[in-house]
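Everything in the sequence shown is counted per the numbering used here, starting at 244 for the first residue and increasing by one. We put the beta carbon where it would ideally sit given N, CA and C, even for glycine.
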Amino acid sequence: MLIYEYKLDGSKAQFAAIEEAIRTTQFIRNKCLRLWMDARGVSRNDLQRYCAVLARQFPFALSLNSQARQAAADRAWAAISRFYEHCRLKTPGKKGYPQFQHDCRSVEYKQTGWKLEADGIHIRFTDGCGIGRLRLIGSRDIMTFPLSQIKRVRLLRRADGYYCQFAVAATRRVEHQPTGKQVGIDLGLRAFFTDSEGNTVAPPQYLRKAERRLKRLHRRLSKTQKRSANRKKARQALSKAYLKVQRQREDFARKQANALVSSHDVIAYEALQIRHLVKNRHLAKSISDAAWGRFLWWVRYYGTLHHVPVIGVEPAFTTQDCSRCGQRVKKSLSVRTHLCPGCGLLLDRDHNAALNILHKALQGTVGQTGTDAPQGTSNASGQPAATRRRTAAPRKQAG
């Protein structure tokens, strides 16, 4: 499934109609969730039928396209089924009991309720919400795909405007040029990652660089009066600043992942439990700013495209063990150099860890091939089968 995204150009009245459609989606999703909470044995089909009941009871729900109402019910069922799965698998920690949504930002149409015009740069929404004809701003031509391949059309709101996404049923193919190189990567804070060849990538630290501006915008927001026009402007300026940081992280992670996968035939990484690492209040901001999880998602995604094995290994003792002789050398986080008393190996701490990660991956996959796919493809955890079944993997210190 490919996602094509365009920014929308329209009037204030049209954007207000999109907002009304988004609120209706949130209303239907929450109503379906309430039905599941109040009655026992509610199925996905029951939620789909309940959409017609809501349309008869509430005129504003009737104005939304019927398949868009069903898509809103599917969102409720996705939260419910995720909760059931966590309970069935006995996932440690909270199971994610479904919650009512208060910040919905999108409405999703299936294959009705919209019409793409022949010029390929305008889309018209034909349901009763009154959105009408909007212009698509983007460089890609959606008309290269038959309309039957467009399975979803999503309208979403961001801090800098409204966007339209097309979910196209198509397969992206990339021909990988073999290089004969295998690499292990160790994620860190001093260096974004260090590979088994000793190369490092400097951390971008986009949030740290934007902190001064963000603090100023926060102060400006706190000085405005609630429900005033100035407060709305201040909130929008602050949201745009955070959106810029998010896009910078995404762009950096995507480019680094693409370069890494394109230049290697096997990639090994440490399957860190990032949600546990961010509980350290001294390192939480730096870990979040590094966005390791997003980077690894893109590594697995490009690994799937290039048919390159991307292997996750447990991070236990990758920093402590010597990559040459295997002797365990205890060291604190402040010690950045690995010096083995047994064989005399002197290496940077992260370089030694990257070598251990690669050795672990190769030892665990002798005679096997495969790629850990990103979420939504085959392996939702992004870890190999031997690793993801363990519920309490040893933690590693960040860095």
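*Out of curiosity, what's the CA-to-CA distance linking D403 and Y249?*
Approximately 13 angstroms between the Cα atoms of the pair.
*Tell me whether the beta-carbon of D593 lies closer than 9 angstroms to the beta-carbon of T437.*
yes
*Counting Cβ pairs closer than 8 angstroms, one from the stretch 434-454 and one from the stretch 466-480, do we hit at least three?*
no
*asked:* Tell me the DSSP secondary structure of G375 in three-state form.
replied: strand
*Rounded to whole angstroms, what's the CA-CA distance from A500 to V444? Just pull it up for me.*
12 angstroms
*Pairing CB atoms from the stretch 290-305 with CB atoms from the stretch 396-412, are three or more of them under 8 angstroms?*
Under the 8 angstroms Cβ criterion, the stretch 290-305 does not count as touching the stretch 396-412, having fewer than three qualifying pairs.
*Among V504, C347 and P558, nearest to Q516 - alpha-carbon criterion*: P558
*asked:* For D532 and R451, what's the separation of their Cα atoms in angstroms?
replied: Distance from the CA atom of D532 to the CA atom of R451, rounded to whole angstroms, is 8 angstroms.
*asked:* Using only CA atoms, which one of S577, L576, D591 and G569 lies nearest to G585?
replied: The shortest C-alpha to C-alpha distance from G585 to any of S577, L576, D591 and G569 is the one to G569.
_One or two residues paired with Q291 in a DSSP bridge_ = Q291 pairs with nothing; no bridge assigned.
*Beta-carbon proximity of L390 to Y352, cut-off 9 angstroms*: no
*Are A322 and G339 touching if we call contact CB-CB under 9 angstroms?*
yes
*Select from W535, Y485, H525 and T387 the residue whose C-alpha is nearest the C-alpha of F495.*
Comparing Cα positions, the closest option is W535.
_Range of the contiguous alpha helix (DSSP H) that encloses G431_ = Element bounds for G431: n/a, residue is neither H nor E.
*Verify whether the separation of the beta carbon atoms of V350 and A315 is less than 9 angstroms.*
yes
*Over the uninterrupted beta strand (DSSP E) stretch that includes T267, give me the two end residues.*
That residue, T267, is in no beta strand (DSSP E); its alpha helix (DSSP H) goes K255 to D281.
*Skipping 5 residues on each side, what residues in its chain have a beta carbon closer than 8 angstroms to that of R378?*
L251, D252, G253, I364 and H365
*Coil, strand or helix - S349 by DSSP*: strand
*asked:* Using a Cβ-Cβ cutoff of less than 6 angstroms, which residues in the same chain neighbour W320 once the five nearest sequence positions on both sides are dropped?
replied: R287 and L290
*Which residue's Cα is closest to the Cα of L576: S566, K498, R567 and D591?*
Among S566, K498, R567 and D591, the Cα nearest to that of L576 is on D591.
*Rounded distance between the beta-carbons of I428 and A597, thought under 8 angstroms*: 6 angstroms
*Does DSSP put T612 in a helix, a strand or coil?*
Unreliable positioning characterises T612 in this predicted model, as indicated by a pLDDT of 39, which lies under 50. The coordinate reading is nonetheless provided below. Here T612 sits in coil by DSSP.
*Counting only the same chain and skipping the five closest in sequence on each side, list residues whose C-beta sits under 7 angstroms from that of V504.*
I510, V542, Y545, G546, H549 and V551
*Does the distance from the CB of I261 to the CB of L297 come in under 9 angstroms?*
Taking 9 angstroms as the Cβ cut-off, I261 and L297 do not qualify as a contacting pair.
*asked:* Can you find the residues in the same chain that come closer than 7 angstroms, C-beta to C-beta, to H419, ignoring five residues on each side of it along the sequence?
replied: H549, H550 and V551
*Cutoff 8 angstroms; reference S506; Cβ partners in own chain excluding five residues on either side*: Apart from sequence neighbours up to five positions away, the residues of its chain that approach S506 with a beta-carbon distance below 8 angstroms are T422 and K424, ordered along the chain.
*asked:* When you compare the CB positions of T267 and C372, do they come within less than 9 angstroms of one another, or not?
replied: Against a cut-off of 9 angstroms, the Cβ pair of C372 and T267 comes out as a contact.
*Can you give me the Cβ contacts of R571 inside the same chain, cut-off strictly under 7 angstroms, excluding the 5 residues immediately before and after it?*
F560, Q563 and D564
*Local conformation of I393 per DSSP, three classes*: Strand.
*Measure the Cβ-Cβ separation of R492 and Y449 and say whether it is below 9 angstroms.*
yes
_Quick check: what's the CA-CA separation for M244 versus R462?_
42 angstroms
*Look at the Cβ atom of I385, then the Cβ atom of I393, and state whether they are nearer than 9 angstroms.*
yes
*Segment limits, alpha helix (DSSP H) that includes Y340*: Y340: not part of any alpha helix (DSSP H); DSSP gives it neither H nor E.
*Run the CB neighbour count on L589, radius 10 Å, all protein chains shown included, and call it buried at 16 or more, exposed below.*
exposed
_Buried or exposed by the 16-neighbour rule on C-beta atoms within 10 Å, applied to V242_ = Within the shown structure, residues of the chain are numbered from 244 to 642, placing residue 242 beyond reach of any answer.
*Within 10 angstroms of the Cβ of N523, are there 16 or more other Cβ atoms? Answer buried if so, exposed if not.*
exposed
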